[in-house]
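**Student:**
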Amino acid sequence: MRIGELSERTGTPRRLLRYYEEQGLLAADRAPNGYRDYPEGCVNRVLQIRGLLDSGLPTRIIKQILPCINDPRAIHVSDATPETIATLETERQRMTDRIECLLRSREAISHYVEAVRANQTRDAAAVCHGDARQEAVSGRR
0 MRIGELSERT GTPRRLLRYY EEQGLLAADR APNGYRDYPE GCVNRVLQIR GLLDSGLPTR
60 IIKQILPCIN DPRAIHVSDA TPETIATLET ERQRMTDRIE CLLRSREAIS HYVEAVRANQ
120 TRDAAAVCHG DARQEAVSGR R
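For the sequence shown, position 11 (counting from the first letter as 1) is numbered 10 according to numbering that gives the first Met the number 0, and the numbering increases by one without interruption.
Here you go:
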């Protein structure tokens, strides 16, 4: 399949597909006219790459573990070297640290939003009560 079809089927911009190829994550044959020709298996491969990138892994790590992954839903660990496992453990800890930081940030934002909303509610109540007092003083209702 050509790059446009792969892009469409995976929701991945063509530019990123070319980048994956440059990084050695994806391989394409070349047609006589120079167009890239991707085999059907590249659809799953791109989905794997996207999932690993979304989880925070850098392309250099993805390049190491892609040979161990044959299906987007099944990881075969028989090819994993001790170095790959150590690298993945380091990356997993980095992700855990980032998740904890994100959770703290989310909590801080939640407290801020709650405080802002409470303040807005108090201000709105004060305005309403102030209007009611003003109407009572002036005799309007």
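Here a beta-carbon is modelled for each residue, glycine too, at the ideal position from N, C-alpha and C.
(1) Along the chain, where does the alpha helix (DSSP H) that runs through residue 6 open and close?
(2) Would the beta-carbon of residue 0 fall within 7 Å of that of residue 37?
(3) Does the separation of the CB atoms of residue 24 and residue 62 fall below 7 Å?
(4) Evaluate residue 16 with the Cβ neighbour count: other Cβ atoms within 10 Å of its Cβ, from every protein chain shown; 16 or more gives buried, anything less gives exposed.
(5) If you draw a straight line from the alpha carbon of residue 97 to that of residue 32, how long is it in whole angstroms?
(6) Per the DSSP calculation, residue 172 is bridged to which residue(s)?
(7) At what residues does the alpha helix (DSSP H) containing residue 43 begin and finish?
(8) On a Cα-Cα basis, can you pick out the residue from 10, 103, 84 that is closest to residue 42?
(9) When the Cα of residue 3 is compared with those of 27, 65, 93, which residue comes out closest?
(10) Got a sec? Which residues, its chain only, sit under 6 Å from residue 13 by beta carbon, not counting five neighbours each side?
(11) Report the residue from 104, 45, 126, 122 whose alpha carbon sits nearest the alpha carbon of residue 65.
(12) Apart from the five residues just before and just after residue 95, which ones in its own chain have a Cβ nearer than 7 Å to its Cβ?
(13) State the Cα-Cα distance for the pair residue 113 and residue 125, rounded to the nearest angstrom.
(14) Where residue 108 and residue 48 are concerned, what is the direct C-alpha to C-alpha distance, given to the nearest angstrom?
**Tutor:** Result, derived from the coordinates:
(1) 2-9
(2) yes
(3) yes
(4) buried
(5) 46 Å
(6) Limits of the chain in this structure are 0 at one end and 140 at the other, which puts residue 172 out of reach.
(7) 41-53
(8) 10
(9) 27
(10) 2, 6
(11) 45
(12) none
(13) 18 Å
(14) 31 Å
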